[in-house]
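**Q** After the structure tokens below, expect a handful of questions from me.
Residue numbers (this note's numbering): 956 to 1335.
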């Protein structure tokens, strides 16, 4: 730009001036370059203006001095802008690194395989520039099984992180002690309703704060899993090319609202056979809408991708969900996909942790349905 404008001015009569356009060079450079390079372009623009002034014998004239002063001021302002922008960019990078560290602490990365399971997970935060939100998942290895949880704290984005973090910590501690699933759910209920800043016996649970969740065990040596559903959307099982939601006959209230149930926690058993593909998800997926307000048909979509391995399935779902919603999620969304391999196919690495998905209930109807959001029903 500097060369073209300078050449055009030098080749034109002295009555036709293009030099004033040189001020655009440092201004445009500031939009993509740093302070040093922007300052260099500003100096070159000032030098080019002086060359033009000498050529037309205008150095010393009032008009030429005004153009030079204006160009120097504009260059100085855009360099200052670059310095401020670069400082803010460094702060943003630091904030993002903290957010990523917090995500790794709350939602630890999952291995690609664990025992006879092949798995993958994904988290999509609704808040702009956020890496985490109110959805959660975690896994702990127990003797002869993989124990895991997926959940959704009420609310979305950053305000729901504290509830999610507290429940993940409680799950890891309770699962480590090897509590049976009903006792584990009861322990999580106590944690969801605990307020460390109130005296024992004087504080009552806040009915506006709860977490929907599914806790389950997947056995290593038999094609069975057991689960407790606390108001969470039913997982989806892909078996023999058919998609089936895994509904519990007696789901419990969401964690934090256990006082509304009063019947304890019912454990459901499901078949989880070699080759089956499982999908755990939060309602941020099924309640995502298109421009017409229609919910995302998750079960219908994955029916076309039953041959995919977990990582491929989640990539397809994420890409399809982005197109379906126009890139605007209304709520945090998390998904975990699991495929059961032959029991001897994937030896389990020692000390690994994992998250997996749910399985088909014995005698469940082989029909393709869109799972309703239990979290939405509990909110209403």
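Ideal placement from N, C-alpha and C gives every residue a C-beta, glycine not left out.
(1) Run through the region 1108-1147 for me and flag every whole alpha helix (DSSP H) of 4 or more residues, listed as ranges in chain order.
(2) Would you call residue 1295 buried or exposed, if buried means 16 or more other Cβ atoms sit within 10 Å of its Cβ?
(3) Per DSSP, residue 1200 is paired with what?
(4) Less than 8 angstroms separating the beta-carbons of residue 1166 and residue 1147?
(5) Could you say which of 990, 1195 and 1074 lies nearest to residue 1066 if we only look at CA atoms?
(6) State the DSSP-derived secondary structure class of residue 1220, mapped to helix, strand or coil.
(7) In the DSSP assignment, find the unbroken alpha helix (DSSP H) run with residue 1006 in it and report its ends.
(8) Does the Cβ of residue 980 have 16 or more other Cβ atoms within 10 Å, making it buried, or fewer, making it exposed?
(9) Kindly indicate which three-state DSSP category residue 1093 falls into: helix, strand or coil?
(10) Which class does residue 1052 belong to by DSSP, given the choice of helix, strand or coil?
(11) In terms of alpha-carbon separation, which member of 1044, 1094, 1052 and 1045 lies closest to residue 1064?
(12) Looking at the structure shown, is residue 956 part of a helix, part of a strand, or coil, going by DSSP?
(13) At the level of alpha carbons, what is the spacing between residue 1254 and residue 1245?
(14) Of the choices 1011, 1220, 1060 and 1026, whose alpha-carbon is the least far from that of residue 931?
(15) Kindly list the residues whose CB is nearer than 6 angstroms to the CB of residue 1327, restricted to its own chain and excluding five residues on each side of it in sequence; keep chain order.
(16) If you reduce the DSSP assignment to three classes, tell me which class residue 1068 lands in.
(17) Would the region 1010-1020 count as touching the region 1046-1055 if we require 3 or more Cβ pairs under 8 angstroms?
(18) Between residue 1242 and residue 1096, what straight-line distance do the alpha-carbon atoms span, to the nearest angstrom?
(19) Residue 1169 to residue 1030, Cα distance in whole Å?
(20) Excluding five sequence neighbours on each side, which residues of the same chain lie with their C-beta closer than 8 angstroms to the C-beta of residue 1133?
(21) Have a look at 1136, 958, 1105 and 1061 and flag the residue whose alpha-carbon is nearest the alpha-carbon of residue 1000.
(22) Take the Cβ of residue 986 as the centre, count every other Cβ of all protein chains shown within 10 Å, and call the residue buried at 16 or more, exposed below.
(23) Assign residue 973 to one of three DSSP states: helix, strand, or coil.
(24) Could you work out which residue in 1070, 1072, 1101 and 1107 is closest to residue 1088 when comparing CA atoms only?
(25) Can you name, in chain order, every residue of its own chain whose Cβ lies under 8 angstroms from the Cβ of residue 1280, other than the five neighbours on each side?
**A** Based on what the coordinates show:
(1) 1116-1131 and 1136-1147
(2) Under this definition residue 1295 is a buried residue.
(3) For residue 1200, which the question treats as bridged, DSSP gives the partners 1191.
(4) The Cβ-Cβ distance between residue 1166 and residue 1147 falls below 8 angstroms.
(5) Looking at the Cα atoms, 1074 is the closest of the given residues.
(6) coil
(7) 990-1010
(8) The residue is buried, with at least 16 neighbouring Cβ atoms inside 10 Å.
(9) strand
(10) helix
(11) 1094
(12) coil
(13) 16 angstroms
(14) No information on residue 931 is available, as it lies outside the stretch 956 to 1335 that the chain covers here.
(15) With a pLDDT of only 38 at residue 1327, under 50, the local geometry of the prediction cannot be trusted, and no value is derived from it.
(16) strand
(17) Judged by Cβ distances under 8 angstroms, the region 1010-1020 makes no contact with the region 1046-1055, as fewer than three pairs qualify.
(18) 31 angstroms
(19) 59 angstroms
(20) The answer, listed in chain order, is 1097 and 1098.
(21) Closest in alpha carbon position to residue 1000, among 1136, 958, 1105 and 1061, is 958.
(22) exposed
(23) coil
(24) 1107
(25) 1243, 1244, 1245 and 1251
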